[in-house]
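Have a look at the structure below before the remarks.
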Ligand code: UN1
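In the working numbering, the protein residues as written are 37 to 535.
Printed below as a string of structure tokens:
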């Protein structure tokens, strides 16, 4: 057990029941082992799915506003535990504490959103073509929802899914990333603390690796799998769920770009690009990977961005629990190696590169801190089509806005995008032509609010979660026509059928 035992035990009072020898959990801050857990066996997963189905049979009968009351309580408990949970997020995934707090705030926000939603699961009344008929569209609970989440937003993404699922009448089965199981157990404990008096097993955690996730994905008792992670993971999950006619909600890789036009206010553009590029050590699916800048300003823009990242690399990379740190560690060695190999691939065609080196080895030999990298290119390159989950930003020049959008849309992913401009024509052209699920104007690519639908197109997977009408993914749609006349009802399409 480590120096953080008190925090971990405070958040996970029943920690001992999870200890084992299968799943070592390391902190990326210093590479030290935090605990070793046991993973769920095949029969335990089978049992949890069965329990989730029984929970569903009870939960779907509870009126939605009463389901919302449980989520309201969860939001209250999260407020109480915000600081501790934020610390555990930082300890386990390495994001700076300020962002850990932001992540827990995102959970609180989605709780509030879901509570309101629990009174607004509106269906439609549709005009019938026949006399004395009423046609309605009803939204009904779907069943257990399988949630697969990634290490980089270890708790917020669960809450986006579970809070909506719960008010929609669905219990949840959560398979967190094997890199961040402690934050999942902490959320489970917080959930359990408010769930007394409600049906058992509304939220269950499944610990394990891809194999355990696979069992959840392949089980036809789970009608919806909501999976967040790499495109590679989505390619494995999507077809398996489709093969059993399940529904999947995929939130996969991004390759997000900011277009900077000659009319841009650089006082707004530069900090937005920096937050998107180096924030969360470049480990958000919304991180800014590419800056597509007009040829007239790309030189000076590269100068100011590379100067800023050098300064950050020099003084602001380090222990994410310290208030002055802006960039914490990468999640593990594989992430650092991935960053180096991306830089090696781009080096032969790059005009200039700043940063990218390993730093802060004093914090632990098993911890991987990197200086954020800026790469100046003279033209677009196929090398950058792949998402690298690390702080590397590529600058690419463009001549016309049409060309900028062509470069922008040339990658296989389609999550988030942004334009920096003070010209309304450029802004509107961009919004119409960006092929992403998110298109911002004078706002960076990362840091979306929960109120909008979150997700993207192409290899990002097409799913939408969190705000707007994303709740519809967690319910089944039913069209219902009722006849209330006394004569024989007319047939649709004017068909006569005399019997
Ligand atoms: C993710 O990286 O998986 O928009 C989610 C953002 C955050 C969510 C990121 N609100 O950057």
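Where is the CB? At the ideal position from N, CA and C, for every residue including glycine.
Start-to-end residues for the alpha helix (DSSP H) that takes in residue i
{"i": "residue 204", "result": "192-204"}
{"i": "residue 118", "result": "100-129"}
{"i": "residue 286", "result": "Premise fails: residue 286 lies in the beta strand (DSSP E), 283-287, not in any alpha helix (DSSP H)."}
{"i": "residue 172", "result": "Counting along the chain, residue 172 falls outside any alpha helix (DSSP H), though it belongs to the beta strand (DSSP E) covering 169-177."}
{"i": "residue 271", "result": "267-279"}
Coil, strand or helix - residue i by DSSP
{"i": "residue 41", "result": "helix"}
{"i": "residue 500", "result": "coil"}
{"i": "residue 62", "result": "strand"}
{"i": "residue 419", "result": "helix"}
{"i": "residue 401", "result": "coil"}
{"i": "residue 338", "result": "helix"}
{"i": "residue 92", "result": "helix"}
{"i": "residue 84", "result": "helix"}
{"i": "residue 208", "result": "strand"}
{"i": "residue 234", "result": "coil"}
{"i": "residue 57", "result": "strand"}
{"i": "residue 343", "result": "helix"}
{"i": "residue 320", "result": "coil"}
{"i": "residue 493", "result": "strand"}
{"i": "residue 258", "result": "coil"}
{"i": "residue 351", "result": "helix"}
Residue i versus residue j: straight-line alpha-carbon distance, rounded
{"i": "residue 502", "j": "residue 202", "result": "13 Å"}
{"i": "residue 210", "j": "residue 333", "result": "47 Å"}
{"i": "residue 505", "j": "residue 445", "result": "26 Å"}
{"i": "residue 461", "j": "residue 467", "result": "10 Å"}
{"i": "residue 194", "j": "residue 453", "result": "24 Å"}
{"i": "residue 216", "j": "residue 68", "result": "14 Å"}
{"i": "residue 405", "j": "residue 360", "result": "15 Å"}
{"i": "residue 327", "j": "residue 304", "result": "14 Å"}
{"i": "residue 329", "j": "residue 192", "result": "32 Å"}
{"i": "residue 409", "j": "residue 124", "result": "28 Å"}
{"i": "residue 139", "j": "residue 122", "result": "7 Å"}
{"i": "residue 402", "j": "residue 481", "result": "31 Å"}
{"i": "residue 398", "j": "residue 407", "result": "14 Å"}
{"i": "residue 260", "j": "residue 212", "result": "16 Å"}
{"i": "residue 430", "j": "residue 346", "result": "15 Å"}
{"i": "residue 32", "j": "residue 388", "result": "Missing from the structure shown is residue 32; the chain here goes from 37 to 535 and no further."}
{"i": "residue 469", "j": "residue 437", "result": "10 Å"}
{"i": "residue 143", "j": "residue 57", "result": "31 Å"}
{"i": "residue 279", "j": "residue 534", "result": "43 Å"}
{"i": "residue 248", "j": "residue 78", "result": "8 Å"}
Whole-angstrom C-beta distance between residue j and residue i, which should lie under 8 Å
{"i": "residue 55", "j": "residue 243", "result": "About 11 Å; that fails the 8 Å criterion."}
{"i": "residue 44", "j": "residue 187", "result": "Going by Cβ atoms, the distance from residue 44 to residue 187 rounds to 17 Å, so no, they are not a contact pair."}
{"i": "residue 415", "j": "residue 432", "result": "7 Å"}
{"i": "residue 496", "j": "residue 265", "result": "Not quite, the Cβ-Cβ distance comes to about 11 Å (not below 8 Å), so this is no contact."}
{"i": "residue 443", "j": "residue 419", "result": "Actually they are not in contact, since the Cβ atoms of residue 443 and residue 419 sit about 14 Å apart, beyond 8 Å."}
{"i": "residue 395", "j": "residue 353", "result": "6 Å"}
{"i": "residue 297", "j": "residue 82", "result": "So it is not a contact: roughly 56 Å between Cβ atoms."}
{"i": "residue 104", "j": "residue 150", "result": "7 Å"}
{"i": "residue 70", "j": "residue 356", "result": "That belief does not hold up - the Cβ atoms of residue 70 and residue 356 are roughly 15 Å apart, past 8 Å."}
Residue i, enclosing beta strand (DSSP E) - first and last residue
{"i": "residue 160", "result": "160-162"}
{"i": "residue 467", "result": "Careful: residue 467 lies outside any beta strand (DSSP E), inside the alpha helix (DSSP H) at 460-469."}
{"i": "residue 452", "result": "452-456"}
{"i": "residue 433", "result": "428-434"}
{"i": "residue 514", "result": "511-519"}
{"i": "residue 389", "result": "386-390"}
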